[in-house]
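In the working numbering, the protein residues as written are 2 to 400. Heads up, the beta-carbon is just placed ideally off N, CA and C, and yes, glycines get one too. Here the structure is a predicted model, which means the values were calculated and not measured.
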């Protein structure tokens with residue numbers, strides 16, 4: 002005879018079992034216990050031995066709820082799944098999910114990155130001040146795109162636009178890592194573009210508004226087009242490498258046929274972390290500038306050879322001076338170094354390229370989930386296409 006609510010309420014609490022149906026029953030742990038517990042008797046799929054599954058305490062779990070739980074267990078059995086082992090595995094997954102908070106994963110990402118102490122401190126400070134208080138304790142797999150967007154929107158509302166932009170990139174880094182590590186199945190931070198208004202000035206002054214950048218490019222084109230310094234200024238936004246690397250480029254580093262510029266590690270800012278050179282794919286537009294220079298400086302060491310001393314290259318100060326001469330304050334509007342920030346922002350926000358691809362082209366150390374740095378030739382085909390698309394995009398901005 003199956004149980005009903007009336008029979009359950011009136012039944013005395015004893016160690017005797019009260020059976021419902023299909024193996025479901027209720028029983029007190031001992032004759033002295035005032036609590037009764039639901040149990041399901043079943044046979045394990047593997048060895049067909051009898052076992053018991055706990056379904057909860059009565060009356061917190063009602064008869065109806067107990068029957069539903071029993072039905073779910075029987076459904077698992079029909080699939081050859083042991084409901085007891087399934088319950089244990091589910092609890093373990095929940096425990097791991099709760100342990101894998103956003104804060105723990107974010108700190109894991111930072112630990113995997115080779116950063117200077119200053120950069121590490123700034124990045125941690127942004128997380129601790131603006132991110133962790135809002136979502137730090139949340140399991141990362143439960144964070145939705147709106148949850149992450151709210152973090153960015155708060156910074157925008159506080160007029161912290163540059164911080165918002167940096168935090169957005171850092172959220173993307175965390176979710177890329179979490180996706181690769183199997184912590185989450187989708188990158189919920191990849192669709193956060195557009196929340197931060199486009200600004201024209203950054204801490205290292207850089208124009209990131211496309212129309213204003215187009216005006217800048219036109220002015221650069223009109224600057225003393227036959228000069229070596231002018232050629233360096235034209236090449237700067239196309240390759241967006243560090244100013245010191247740009248002015249010191251040697252002809253031996255350039256492969257005109259392959260369209261590649263190979264910067265040796267001894268010239269790199271981060272050379273102590275690099276085991277090889279950095280490869281810069283050259284667009285058709287960049288190669289045109291080099292073809293113009295070849296008859297002028299091709300028999301010298303440096304592409305941008307110093308006119309007063311052929312054994313030396315032009316200085317970064319000369320390029321900065323040229324930028325100032327066309328009407329830009331290099332301390333507040335646009336710096337030569339700022340072409341890197343301009344490219345990074347527009348490649349990401351306008352051309353929709355990934356953080357990993359852009360950072361590698363900027364010669365920043367990018368690591369996979371196993372803490373291994375991507376090698377110098379990785380994604381070279383993709384980066385070559387990106388650099389040509391970037392150059393074509395700049396041509397459109399001029400118009």
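One or two residues paired with residue i in a DSSP bridge
i: residue 363; result: In the DSSP output, where bridge partners are listed per residue, residue 363 has none listed.
i: residue 162; result: DSSP lists no partner for residue 162.
i: residue 55; result: 40
i: residue 29; result: 37
i: residue 20; result: 26
i: residue 314; result: 306
i: residue 1; result: Residue 1 falls outside the range modelled here, since the chain spans only 2 to 400, and no answer is possible.
Residue i, buried or exposed, once every other Cβ within 10 Å from all chains shown has been counted against 16
i: residue 392; result: buried
i: residue 76; result: exposed
i: residue 6; result: exposed
i: residue 59; result: buried
i: residue 372; result: Residue placement at residue 372 is flagged as unreliable, the pLDDT there being 42, under the threshold of 50; the coordinate-derived value follows with that caveat. Classification of residue 372: exposed, given that the 10 Å Cβ count is below 16.
i: residue 284; result: buried
i: residue 175; result: buried
i: residue 72; result: exposed
i: residue 203; result: With a pLDDT of only 44 at residue 203, under 50, the local geometry of the prediction cannot be trusted, and the value read off the model is given with reservation. Buried, by the Cβ-count rule.
i: residue 83; result: buried
i: residue 3; result: exposed
i: residue 64; result: buried
i: residue 145; result: exposed
i: residue 361; result: buried
i: residue 122; result: exposed
i: residue 253; result: exposed
i: residue 257; result: exposed
i: residue 282; result: buried
i: residue 339; result: buried
i: residue 10; result: exposed
i: residue 70; result: buried
i: residue 287; result: buried
i: residue 47; result: exposed
i: residue 28; result: buried
i: residue 242; result: buried
i: residue 293; result: exposed
i: residue 129; result: exposed
i: residue 341; result: buried
i: residue 21; result: buried
i: residue 249; result: buried
i: residue 119; result: exposed
Cβ distance (whole Å) where residue i is taken to contact residue j below 8 Å
i: residue 110; j: residue 178; result: 5 Å
i: residue 381; j: residue 280; result: 6 Å
i: residue 356; j: residue 349; result: 7 Å
i: residue 56; j: residue 67; result: 5 Å
i: residue 74; j: residue 41; result: 6 Å
i: residue 211; j: residue 388; result: 18 Å between Cβ atoms; not a contact.
i: residue 166; j: residue 185; result: So it is not a contact: roughly 23 Å between Cβ atoms.
i: residue 343; j: residue 221; result: Contact flag wrong, Cβ pair sits at about 12 Å.
i: residue 168; j: residue 233; result: The pair is not a contact, with the Cβ atoms about 34 Å apart (cut-off 8 Å).
i: residue 44; j: residue 54; result: Wrong, their Cβ atoms sit about 11 Å apart, outside the cutoff.
i: residue 359; j: residue 345; result: 6 Å
i: residue 395; j: residue 238; result: 6 Å
i: residue 244; j: residue 331; result: Not quite, the Cβ-Cβ distance comes to about 11 Å (not below 8 Å), so this is no contact.
i: residue 236; j: residue 247; result: 7 Å
Minimum Cβ-Cβ distance from residue i to chain C less than 9 Å
i: residue 241; result: Given the protein chain composition of this structure (a single chain), no chain C is represented.
Checklist entry - Counting only runs that start and end within the stretch 224 to 270, where is the beta strand (DSSP E) found for 3 or more residues in a row? => result 261 to 264
Item to check | Contact the stretch 127 to 141 vs the stretch 102 to 116: 3+ CB pairs below 8 Å | outcome: yes
Checklist entry - Is there contact here, the stretch 325 to 336 with the stretch 203 to 218, by at least three beta-carbon pairs under 8 Å? => result yes
Next on the checklist: For the pair the stretch 170 to 190 and the stretch 304 to 321, tell me if three or more CB-CB distances fall below 8 Å.
Outcome noted: no
Checklist entry - Which runs of the alpha helix (DSSP H) spanning at least 4 residues fall entirely within the stretch 276 to 306, listed in chain order? => result 285 to 298
Item to check | Contact between the stretch 287 to 305 and the stretch 220 to 230 (3+ Cβ pairs under 8 Å) | outcome: yes
Item to check | Residue ranges of each alpha helix (DSSP H) within the stretch 165 to 225, 4 or longer | outcome: 211 to 222
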